[in-house]
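For the sequence shown, our numbering gives the first residue as 8, with consecutive numbering after it.
Beta carbons are placed, not taken as given, at the ideal position from N, Cα and C, and that holds for glycine.
Note that the structure is a prediction, hence the values are computed from the model and not measured.
Structure, as structure tokens:
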Amino acid sequence: MSDEHSRPRRAWQPEAELQEPLVPDDTAADAASRPRRGAAAAERPTAIAGLGDDPVEPARAQPDNPFARPGSGVGPGGGVGFVPPAPEPEPMIPAPVFPRSAGEYADEPGPAPRRSAMSSDTPVEAEPAAPGGSSSWVTAHRSTLATWAIGGVVGALVVGLIAFFVVRGLQAEPTSGPTGSESASPGSPSASAQPAEVADLVTADDLAPIAPASEWSVISTTEAQADHTMRAICLSTAQSTVNPTHSFQRTLGTTGADKLAALHRIDVYANAEAAQSVMAERVAALSTCSEVPARLVRATTVSGLAEESFQVTIVQEETVSKFHTVLVTRDGAAVQMADIARDAQPVDEGAAAESLERSQAALAEAQDAPAPADVTAGATTVPASNPQGWLVPLDLPRIHPGAGRWTMTGPHPVDGTSMGCENFELATEAGPTERQRTAYALTRDPAIPERFGIDELLFTFPSTEEAAVFVTKLGTNLRTCGQRVLTAQVQEHTAVPAKDADGNALSSLVFTATQAISDTEKVTYQLIVSVATNKVAYTIISATPEVQFSQEQLTELAARVSVRASQLG
Numbered sequence: 008m009s010d011e012h013s014r015p016r017r018a019w020q021p022e023a024e025l026q027e028p029l030v031p032d033d034t035a036a037d038a039a040s041r042p043r044r045g046a047a048a049a050e051r052p053t054a055i056a057g058l059g060d061d062p063v064e065p066a067r068a069q070p071d072n073p074f075a076r077p078g079s080g081v082g083p084g085g086g087v088g089f090v091p092p093a094p095e096p097e098p099m100i101p102a103p104v105f106p107r108s109a110g111e112y113a114d115e116p117g118p119a120p121r122r123s124a125m126s127s128d129t130p131v132e133a134e135p136a137a138p139g140g141s142s143s144w145v146t147a148h149r150s151t152l153a154t155w156a157i158g159g160v161v162g163a164l165v166v167g168l169i170a171f172f173v174v175r176g177l178q179a180e181p182t183s184g185p186t187g188s189e190s191a192s193p194g195s196p197s198a199s200a201q202p203a204e205v206a207d208l209v210t211a212d213d214l215a216p217i218a219p220a221s222e223w224s225v226i227s228t229t230e231a232q233a234d235h236t237m238r239a240i241c242l243s244t245a246q247s248t249v250n251p252t253h254s255f256q257r258t259l260g261t262t263g264a265d266k267l268a269a270l271h272r273i274d275v276y277a278n279a280e281a282a283q284s285v286m287a288e289r290v291a292a293l294s295t296c297s298e299v300p301a302r303l304v305r306a307t308t309v310s311g312l313a314e315e316s317f318q319v320t321i322v323q324e325e326t327v328s329k330f331h332t333v334l335v336t337r338d339g340a341a342v343q344m345a346d347i348a349r350d351a352q353p354v355d356e357g358a359a360a361e362s363l364e365r366s367q368a369a370l371a372e373a374q375d376a377p378a379p380a381d382v383t384a385g386a387t388t389v390p391a392s393n394p395q396g397w398l399v400p401l402d403l404p405r406i407h408p409g410a411g412r413w414t415m416t417g418p419h420p421v422d423g424t425s426m427g428c429e430n431f432e433l434a435t436e437a438g439p440t441e442r443q444r445t446a447y448a449l450t451r452d453p454a455i456p457e458r459f460g461i462d463e464l465l466f467t468f469p470s471t472e473e474a475a476v477f478v479t480k481l482g483t484n485l486r487t488c489g490q491r492v493l494t495a496q497v498q499e500h501t502a503v504p505a506k507d508a509d510g511n512a513l514s515s516l517v518f519t520a521t522q523a524i525s526d527t528e529k530v531t532y533q534l535i536v537s538v539a540t541n542k543v544a545y546t547i548i549s550a551t552p553e554v555q556f557s558q559e560q561l562t563e564l565a566a567r568v569s570v571r572a573s574q575l576g
């Protein structure tokens, strides 16, 4: 048995390195004093708090904000730019305030661009004449300069007349086909077609698969990119490299205790290539979400809805968990996105896709794309995230809701890391062709003891059979540790199955072990041994009897470890 006190402590990152830099935006926005366009007064409930149109100084987000990025600006009533409404009879629908962007758009207009020193629009400053130089030269050549000037005017008139008659002759000739500006590429709408409109945004009737239409009310509708003051989860600091030609957004809320709310956005771009790049940016942002305290819960495959579809569910682990199901689709040059948020539990996997079918059909028609047909949704593996093969902070649950931030260091070579029951040296055991280790630390939670953390060791073998032999040996040694070390107690839990992206079976063994390090003190470990084809992941969670993952969290983590290991190329 190894001595716990001699075990090297995990490296902790300095607090200064944990700050998330916000990407500045050099795109000038509208002046802050310009009122935002919104929905017509008839469609906006008069008794909704937090919907004032005048921007105010951002303040700290309220805990009940279903879509707020931590630190995003809100008004006193929980909305952005809150203006106290006149008293109205209950019930009131709480405004679903999405996070204001710290990077996608600038809050204030930027300075006007400066012309360069060599700009053709910049007048050249006159240089002082040399004494007795240029004045005498001009006097001496005045007649010659006048002749040149007259000749230049006559020449310009002749060239202009020739160009005029040539152009008239070309316009008179019949053309054999459309010009470049009039033609449209296959699968793209014509320049005169309206690619999207406000009517394409979801309505209360569209959201009936999630909740009865009678429970939904429109909170706000905006018709320009600069007017969208709310963002979907994990996109509050995303900076798109392409601006849309048309952009519409609507938020809706309900009066239920679960604070069900929805954001729907439609963006149309100049061409399909631009839309594809935006789609890739949003998929990447959702797959590697760094908003705290977000955790990736599940991924869903959606087929039959659009040319491209991507859906994940992310939970904000606050005192009351807020689940966000985000669906992003693309048809041609049109990208639409829905964020459906609800307290306590996520909406059904297929509810978002069903709610967007009408909108997607309209976009598909404008983009000359196939209409939605036989739309289905089902569970799939979470999207890969860098570094591939490893757990990422987005996978890790928190011990105390609303507190703590996970950081990772590595991968590094495997050293003497172990908990004492393995009965062989992990750094030198024969078989693996490659072995590495990554450490995870939970910071910004004062109730977490210093020893709490995670070490993940990842082994690669020449074949699946050799990986299985290693797992069998390690699992047997762990479960029989109490027979060799009298101070150790090991409890084995139910094995956790999973599947990789190709449907291959994955499996994880799960243990809880305690070891006495003195007559009065014990240390606790939660252990996961996962196998994914020829990869084996051994996860050591250093815990205490009071601070450790729940059995539900441990089971979910075991499944995620094996899936992540399967994603290593």
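**OP:** Kindly indicate which three-state DSSP category V530 falls into: helix, strand or coil?
**Re:** strand
**OP:** Evaluate contact between the region 372-381 and the region 303-320, counting only Cβ atoms and requiring at least three cross-stretch pairs below 8 angstroms.
**Re:** yes
Original post:
With respect to the beta strand (DSSP E) encompassing L259, which residues constitute its N-terminal and C-terminal limits?
Top reply: 253-260
**OP:** Compare the C-alpha of Q498 against each of R238, K506, Q533 and name the closest.
**Re:** Looking at the Cα atoms, Q533 is the closest of the given residues.
Subject >> Ranges of the beta strand (DSSP E) found wholly within the region 386-455, counting only runs of at least 3 >> reply: 412-420, 441-450
Subject >> A437, buried or exposed, once every other Cβ within 10 Å from all chains shown has been counted against 16 >> reply: Burial call: exposed.
Subject >> Spatial neighbours of T501 in its chain, beta-carbon cut-off 6 angstroms, leaving aside the 5 residues before and after >> reply: none
**OP:** Would you identify the three-state DSSP class for Q490, choosing helix, strand or coil?
**Re:** helix
Original post:
Does DSSP put I55 in a helix, in a strand, or in coil?
Top reply: Because the pLDDT of I55 is 36, which lies under 50, any placement of that residue in the model is unreliable, and the number read from its coordinates should be weighed accordingly. Judged by DSSP in its simplified three-state form, I55 adopts coil rather than helix or strand.
Subject >> N- and C-terminal bounds of the alpha helix (DSSP H) containing A206 >> reply: Note, A206: premise wrong, no alpha helix (DSSP H); not H, not E.
**OP:** Measure the alpha-carbon distance for V538 versus S514 and round it to whole angstroms.
**Re:** Distance between the alpha carbons of V538 and S514: 6 angstroms.
**OP:** For my contact list, A566 and A475 are in at a C-beta cut-off of 8 angstroms; report their separation, rounded to the angstrom.
**Re:** Beta-carbon to beta-carbon, A566 and A475 are separated by about 19 angstroms, too far to satisfy the 8 angstroms threshold.
Original post:
With burial defined as no fewer than 16 other Cβ atoms inside 10 Å of the residue's Cβ, what is the status of F477: buried or exposed?
Top reply: buried
Subject >> Contact check, E6 vs W397, beta carbons under 8 angstroms >> reply: The question about residue 6 has no answer here: the residues shown for the chain are numbered 8 through 576.
**OP:** Taking all protein chains shown into account, decide if E528 is buried (16 or more other Cβ within 10 angstroms of its Cβ) or exposed.
**Re:** Per the 10 Å Cβ criterion, exposed.
Subject >> Residue-level contact to chain D via CB, R442, 8 angstroms cutoff >> reply: No chain D is part of this structure, which consists of one protein chain only.
Subject >> Cβ pair count under 8 angstroms reaching 3, the region 199-216 against the region 246-260 >> reply: yes
Original post:
V205 to I461, Cα distance in whole Å?
Top reply: V205 and I461: Cα-Cα distance of roughly 49 angstroms.
Subject >> Rounded straight-line distance, which links the Cα of T416 to that of Q318 >> reply: 29 angstroms
Subject >> A565 (DSSP reduced to helix, strand or coil) >> reply: Looking at A565 - three-state DSSP - the assignment turns out to be helix.
Original post:
Which residues in the same chain as A203 place their Cβ atom closer than 7 angstroms to its Cβ, once the five residues preceding and following it in sequence are excluded?
Top reply: H253, F255, I273, V275, A341, L370, A373
**OP:** Return helix, strand or coil for K266, following the three-state DSSP convention.
**Re:** coil
**OP:** Report buried or exposed for A448, applying the criterion of at least 16 other Cβ atoms within 10 angstroms of its Cβ.
**Re:** buried
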